[in-house]
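A.B. asks: First to last, the sequence lines map onto chains A and B. Position one of the first sequence corresponds to residue 3 (my numbering), numbered consecutively onward. Position one of the second sequence corresponds to residue 5 (my numbering), numbered consecutively onward. For each residue, glycine too, the CB sits at the ideal point set by N, CA and C. What follows is a single structure, and I will ask about it in a moment.
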Amino acid sequence: MPFEPPYLHPDYRSTVLRAPRRELVRLPAEWFHHAAGPSFGRIPVRPEDADLTRQHLGEPLGERIIVSGRVLDSDGRPLRHTLVEVWQANAAGRYLDPVDDHPAPLDPNFTGAGRCLTDDQGRYRFVTVKPGAYPWRNHANAWRPAHIHFSLFGTTLASRLVTQMYFPGDPLMPYDPILNSIPDPRGRELLVARFDLDTTVPEWALGYRWDIVLRGRGAAPLEAG
Amino acid sequence: MNPTPSQTVGPFFGFALPFEDDANALAPHAAGAVRIEGQVLDGAGEPVPDALLEAWHGEQFARCRTDAEGAFHFTLSKPEAAPGAAPFLNVIVFARGLLRQLCTRIYFPDERAANDTDPVLARVEPQRRHTLVARQDAGALHFDVWLQGEDETVFFAL
């Protein structure tokens, strides 16, 4: 399954001591992959969680954007009323997280965390600001391309997905060991949103479109990698 | 359609993914509540302070971020066993350095007979099965997640 990253990808240094070294145990899909996934019903989702620009008294700095798309399973069915969680750096490339010590400013009007449920057609939509690139210490002069983190549940154990969405044309993508852990360029392409004039709201915000496909019952088991 | 590939949860999710009472699918003193405590460790035996674990069975769901010592805890009830199987909790581990999640299970130490005949445990090499069974400590079950090492936890292929 060349579209999935392996666990061990030494260019991303943190994998070296964290990727399992033993062979993963294979179970029949009916026992395991198709078993019920986690139930997200306890996670609170408020209507204002989908607009990351309106969670404080003022508006955050940065380029206002709309990110929207559909959540489908790999059998082509829309996933209705499923939870989508997002989190990101602010426009300066700084996370609100206390672990982040990058010397770029925090924005008092931006948390950078959102949630929404997909609608009857499996659509989601967030309003936010475009996240900035930021340095990390993986290697000399290492910078993460701008990205938004996504977490999705689906219905089965195998459909649970945490991933990252990238922006088209970002010059940092070819240098990023996390994105390039996916060996096949077609797999990497699946993580890049496209600029979309139909999602763009005139005089207000640029629109990006990104569809997300979760593993359905017909999906082949992954290589142990 | 090709599934969207996975990427790491990264180190900076702690301000975003936790929610109120996330680690407690049940109130800690509710009838039948079982507390499970443990640590996530890397191949050097160092704690992993930036992991996120999710545990569930049925409608019960708990999420816990590891602390600076790599420690986590959950409160859930012990599930009913399916016919011919031992009761277990599903666990998913996300972390910085994990490009995909890891899936494991927590089995119960007081279910020795059921564990001995469980069809999933039967697919695991006998000398590694203990990594899937919690240990009874005072007042809580204990379950460590070793991402690597001599006692690497058994993970299941997605």
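#1: Does the region 53 to 64 of chain A come close enough to the region 86 to 105 of chain A to have 3 or more Cβ pairs within less than 8 Å?
#2: What ranges does the beta strand (DSSP E) occupy inside the region 14 to 43 of chain A, keeping only unbroken runs of at least 3 residues that lie completely in it?
#3: Hey, how far is the Cα of residue 226 (chain A) from the Cα of residue 26 (chain A)?
#4: Under a three-way DSSP split, which group does residue 96 (chain A) fall into?
#5: Apart from the five residues just before and just after residue 193 (chain A), which ones in its own chain have a Cβ nearer than 7 Å to its Cβ?
#6: Just to confirm, are residue 52 (chain B) and residue 151 (chain B) a CB contact at a threshold of 8 Å?
#7: Quick one: what's got a C-beta closer than 8 Å to residue 65 (chain B)'s C-beta in the same chain, skipping five residues either side?
#8: So what does residue 23 (chain B) bridge to, in DSSP terms?
#9: Any beta carbon from chain B within less than 8 Å of residue 160 (chain A)'s own beta carbon?
#10: Tell me which same chain residues have a C-beta within less than 7 Å of the C-beta of residue 135 (chain A), skipping the five on either side of it?
#11: Among the candidates B:96, B:68 and B:39, whose CA atom is the shortest distance from the CA of residue 140 (chain B)?
#12: Sorted by chain position, which residues of the same chain lie with C-beta nearer than 8 Å to residue 121 (chain B)'s C-beta, five sequence neighbours on each side aside?
#13: Under three-state DSSP, which class holds residue 119 (chain B)?
#14: When the cut-off is 8 Å and only beta carbons count, does residue 226 (chain A) lie next to chain B?
#15: Just how far apart, CA to CA, sit residue 36 (chain B) and residue 82 (chain B)?
#16: Under a Cβ-count criterion, where at least 16 other Cβ atoms within 10 Å of its own Cβ denotes burial, should residue 78 (chain A) be classed as buried or exposed?
#17: Short check: CB of residue 92 (chain B) to CB of residue 115 (chain A), under 8 Å?
#18: According to DSSP, is residue 93 (chain B) helix, strand or coil?
#19: For residue 44 (chain A) and residue 66 (chain A), I'd like the C-alpha separation in whole angstroms.
#20: Excluding the five sequence neighbours on either side, which residues of its own chain have a C-beta within less than 6 Å of the C-beta of residue 23 (chain A), listed in chain order?
#21: Can you list, in chain order, the residues of its chain with a C-beta nearer than 6 Å to that of residue 44 (chain B)? Leave out the 5 residues immediately preceding and following it.
#22: Taking beta-carbon pairs under 7 Å, can you tell me which members of the region 91 to 105 of chain B lie near chain A?
#23: Closer than 7 Å to a non-hydrogen atom of the ligand SAH - does that hold for the CB of residue 93 (chain A)?
#24: May I have the straight-line CA-CA distance separating residue 134 (chain B) from residue 215 (chain A), to the nearest angstrom?
#25: How many angstroms separate the CA atom of residue 160 (chain B) from the CA atom of residue 208 (chain A)?
#26: Pop quiz: residue 158 (chain B) and residue 128 (chain B) are said to be a contact at Cβ under 8 Å. What is the actual Cβ separation, rounded to whole angstroms?
#27: Compute the beta-carbon to beta-carbon distance between residue 155 (chain A) and residue 80 (chain A), rounded to the nearest angstrom, for a pair I have assumed lies under 8 Å.
#28: Contact check, residue 71 (chain A) vs residue 211 (chain A) under 8 Å by CB: the rounded distance?
C.D. replies: Walking through what the data contain:
#1: Touching, per the Cβ criterion.
#2: none
#3: Confidence at residue 226 (chain A) is low in this model, with a pLDDT of 49, below 50, so its placement is unreliable and no value can be given for it.
#4: coil
#5: These residues qualify, in order along the chain: 165, 166, 167, 168 and 181.
#6: yes
#7: 29, 58 and 59
#8: DSSP output for residue 23 (chain B) lists no bridge partner at all.
#9: yes
#10: Excluding its 5 nearest sequence neighbours in each direction, residue 135 (chain A) has C-beta neighbours in its own chain below 7 Å: 95, 145, 146, 147, 148 and 174, listed in chain order.
#11: B:39
#12: Annotation for residue 121 (chain B): 88 and 90 place their beta carbon closer than 8 Å to its own, counting only its chain and skipping 5 residues before and after.
#13: helix
#14: With a pLDDT of only 49 at residue 226 (chain A), under 50, the local geometry of the prediction cannot be trusted, and the value read off the model is given with reservation. Judged by the 8 Å Cβ criterion, residue 226 (chain A) is in contact with chain B.
#15: 7 Å
#16: exposed
#17: no
#18: strand
#19: 30 Å
#20: none
#21: Result list for residue 44 (chain B): 52, 55, 70, 74 and 149, in chain order.
#22: 94, 96, 98, 99, 100, 101, 102, 103, 104 and 105
#23: Ligands are entirely absent from the displayed structure, and the ligand SAH is therefore not among its contents.
#24: 36 Å
#25: Looking at the two C-alpha atoms, the distance is approximately 41 Å.
#26: 5 Å
#27: Not confirmed; about 14 Å, so no contact.
#28: 5 Å
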